[in-house]
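Working notes, structure below.
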Amino acid sequence: MTADPHEPLPAERDASVAALNVAGVSHSYGKRKALDNVSFAVRPASFTVLLGLNGAGKSTLFSLITRLFGVRAGAISIFGWDVSRTPGEALRRLGVVFQARTLDLDLSVEQNLRYHAALHGMGAAETKARSVEVLTKVDMLDRVNDKVRALSGGQMRRVEIARALLHRPRMLLLDEPTVGLDVKARSDILTHVRSLIASEGIGVLWATHLIDEIENSDDVVVLHRGKLLDKGNVAEVCARAGAASMSAAFNRLAGVDAAEAH
Ligand SMILES: Nc1ncnc2c1ncn2[C@@H]1O[C@H](COP(=O)(O)OP(=O)(O)OP(=O)(O)O)[C@@H](O)[C@H]1O
């Protein structure tokens, strides 16, 4: 029997292998240092929040993980596969929802998914079956034949999440996925993504500047002006900062006033 190429390898079921590992990563734009020796890991089946204000370096980090930029200092790996040395193996395990909308508005939901599946070398039957699965997960199956232009912002985001899951990634990156959405749409998206951790066991890195998106069970990576200020679960980060809430901990760590953090 041939192994299913999309099945997690034995190492990927091993909780000791990080879904994402960022080790000593720095990046500069000319003289401006956007990331300064950043190291952290995302565990499989965990929800990790990358918390940072505008300019913290979140998008730069995502560009390095997805290989939009080459990693010049440090190393990044996905389930042990280095993104620079083994990009095919690393990126096959990665799903991404970028900050900017990337669906084709004039195509249907189904056509957008089909295009992505083709890029990942998926056949027609698998694409069809998998599209039903992922659209069901984000509660968008009833809109499969609609043009993307007819969807709300929150629905488009859900389709982008479905598309990012199509090729069965083991690690999902989302860059400020709730920007511009109303309270209900934000909470729906968070619920859908959190449920994936339990149902699929994937690692999630959720970049945001919104502290209220963090739950007590989450892991947090606090990034400020390119520097990693702290990392760990919410209780650990709060305790180290001597703060009663994540919001107070962030303000203390980053030395910002509450108004700036919202
Ligand atoms: N292409 C670029 N050229 C020069 N400087 C850049 C470029 N992209 C980002 N920067 C700078 O690098 C730093 C980090 O920016 P980055 O976009 O990674 O932060 P961010 O946390 O994603 O912020 P935002 O939430 O505003 O997108 C900022 O000081 C920014 O001005």
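With the UniProt record's numbering, the residue at position 27 of the sequence shown is 27, and numbering never jumps. For each residue, glycine too, the CB sits at the ideal point set by N, CA and C. Quick caveat, the model's predicted, so the values are computed rather than measured.
Proximity below 9 Å, CB of residue i to CB of residue j
i           : j    : result
F79         : A23  : no
V71         : M171 : no
A207        : D230 : no
D106        : R149 : yes
L174        : F40  : no
residue 324 : N251 : With the chain covering only 1 through 262, there is no way to say anything about residue 324.
L64         : L35  : yes
V97         : L151 : no
V25         : L61  : yes
S131        : R114 : yes
D212        : N233 : no
A45         : A198 : yes
Q99         : V222 : no
D52         : H209 : Here residue 52 turns out to be Gly, not Asp, going by the sequence shown. Yes. Within cutoff.
L135        : S77  : no
Per DSSP, the bridge partner or partners of residue i
i   : result
G24 : Partner(s): none; G24 has no beta bridge.
T48 : L205 and D219
D82 : S77
Rounded separation between residue i and residue j - CA only
i           : j    : result
D146        : R157 : 15 Å
G203        : L94  : 10 Å
H224        : A129 : 42 Å
M140        : Q155 : 7 Å
S247        : L50  : 14 Å
K137        : L196 : 8 Å
residue 291 : V38  : No answer is possible for residue 291: the residues shown for the chain start at 1 and end at 262.
A90         : W81  : 5 Å
A244        : E133 : 41 Å
F47         : G153 : 23 Å
A3          : A118 : Low confidence applies to A3: its pLDDT is 45, below 50, so where it sits in the model is not reliable enough to give any reading.
G30         : G226 : 14 Å
P87         : A239 : 38 Å
I161        : H120 : 16 Å
T191        : G255 : 31 Å
A125        : L166 : 13 Å
V193        : H116 : 20 Å
R168        : E200 : 9 Å
A73         : N54  : 23 Å
A75         : A185 : 35 Å
L103        : R32  : 32 Å
T127        : R101 : 22 Å
L188        : P177 : As written in the sequence, residue 188 is Asp, which differs from the Leu given in the question. Cα-Cα distance, rounded: 12 Å.
V237        : Q111 : 44 Å
A241        : S59  : 26 Å
S28         : T66  : 17 Å
V159        : L205 : 18 Å
R92         : I214 : 28 Å
L253        : V220 : 13 Å
Unbroken beta strand (DSSP E) run spanning residue i, endpoints
i   : result
R32 : R32 to V42
N-terminal and C-terminal residue of the alpha helix (DSSP H) that residue i is part of
i    : result
R252 : M246 to A254
L53  : That residue, L53, is in no alpha helix (DSSP H); it is neither H nor E in DSSP.
heavy atom of ligand 2 below 8 Å from residue i C-beta
i   : result
D36 : Among the ligands in the structure shown, ligand 2 does not appear; only ligand 1 can be found there.
Entirely within the region 93-169 and at least 4 residues each: give me those alpha helix (DSSP H) ranges in chain order.
109-119, 124-137 and 153-165
Give the list of continuous alpha helix (DSSP H) stretches no shorter than 4 residues that lie fully inside the region 171-234.
183-200
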